[in-house]
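In the numbering used here, the protein residues as written are 719 to 830. Taking it in order: structure first as structure tokens, then the write-up.
Below, the structure written as structure tokens:
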């Protein structure tokens with residue numbers, strides 16, 4: 719799965735508009751434009767499509783954690799330059815405040 723897919727699906731799961739997406743990035747201290755967000759969300763075959771890098775997705779997920787859980791005091795973590803699927807999953811789990819039992823329940827609901 720491409721980082722753009724994760725970004726796109728997260729947007730639709732939370733029903734975020736462009737302004738809210740920009741706000742999530744801002745929660746992690748990153749300034750992005752509406753055009754950047756739009757280009758990351760475009761389908762792969764669109765000429766204006768821009769690849770969402772691991773670092774960009776890490777910033778977004780860190781911002782999502784801050785937006786949903788609140789910022790921890792002190793310096794914010796540096797965004798990872800390389801993400802694995804497990805790291806993405808862990809960041810989403812943290813953002814949603816899910817415990818192991820909660821994850822199992824979600825997977826069961828999805829018939830996984």
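Glycine is no exception: its CB is placed at the ideal position from the N, C-alpha and C atoms.
Here the stretch 739-752 makes contact with the stretch 773-783; the two share three or more CB pairs at distances below 8 Å. Rounded to the nearest angstrom, the gap between the Cα atoms of residue 805 and residue 720 is 14 Å. If you check the CB distance, residue 812 and residue 783 come in under 8 Å. In the same chain as residue 779, and ignoring 5 residues on each side of it, the C-beta atoms closer than 6 Å to its own belong to 809, in chain order.
Residue burial annotation: residue 737 is exposed, with fewer than 16 other C-beta atoms found within 10 angstroms of its C-beta.
The beta carbons of residue 743 and residue 781 sit closer together than 8 Å.
In this model, residue 815 and residue 728 are separated by some 15 Å (Cα to Cα).
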